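In this text, residue positions in the sequence shown follow this note's numbering: the first is 15, and each later residue adds one. Here's the structure, in structure tokens; my notes come after.
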Amino acid sequence: LTIADLWGLTEEQRLLVLGLPARSTYHNWCKRVREHEAITLDVDVLLRISAVLGIHQALGILFPDERSGVEWLTTPHGALPFGGRPPLALLTSGSQDGLLSVRRFLDGARGGLYMPPGSIDEA
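Here is the structure:
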């Protein structure tokens, strides 16, 4: 929930990231998590959450602050996986492949594969 808040995701986007669970299920998860209660999630949802955690971690490594990472997510990007759209569009497409594509791209950037310089590098 904290990462979704940081990224400014709407409820609809959060549902898409999680694979479109029923809205009542999502609200039940949120309530239980906020109350520090255990929840049971299926493998698909766990994989999606793992991808979000990996994306968040990679942004923290690649960018000097959270604002810059969020800006990267919301800015149109010319790299092949994004096709001129913001990475957030792929991340919130509802598909597991979209989430994993963003994660793989950032993991590659962390590993030294080319990623165009950000505005901080051009100053």
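All C-beta atoms, glycine included, are put in the ideal place defined by N, C-alpha and C. Quantities reported herein were computed from a predicted structural model and do not represent experimental measurements.
Beta-carbon spacing of residue i, residue j below 8 Å
i           : j           : result
residue 30  : residue 37  : no
residue 90  : residue 119 : no
residue 104 : residue 92  : no
Burial state of residue i, where buried means 16 or more other Cβ atoms lie within 10 Å
i           : result
residue 57  : exposed
residue 47  : exposed
residue 62  : buried
residue 50  : exposed
residue 34  : exposed
residue 115 : buried
Cutoff 8 Å; reference residue i; Cβ partners in own chain excluding five residues on either side
i          : result
residue 21 : 84, 87, 102
Residues near residue i in its chain [Cβ-Cβ closer than 7 Å; skip 5 each side]
i           : result
residue 43  : 53
residue 124 : 72, 75, 76
residue 100 : 87, 88, 89, 90, 91
Cβ-based neighbour list, residue i, same chain, cut-off 6 Å, excluding 5 preceding and 5 following
i           : result
residue 55  : none
residue 127 : none
residue 18  : 28
In chain order, which continuous runs of the beta strand (DSSP E) of length 3 or greater are located wholly inside the stretch 46-98?
none
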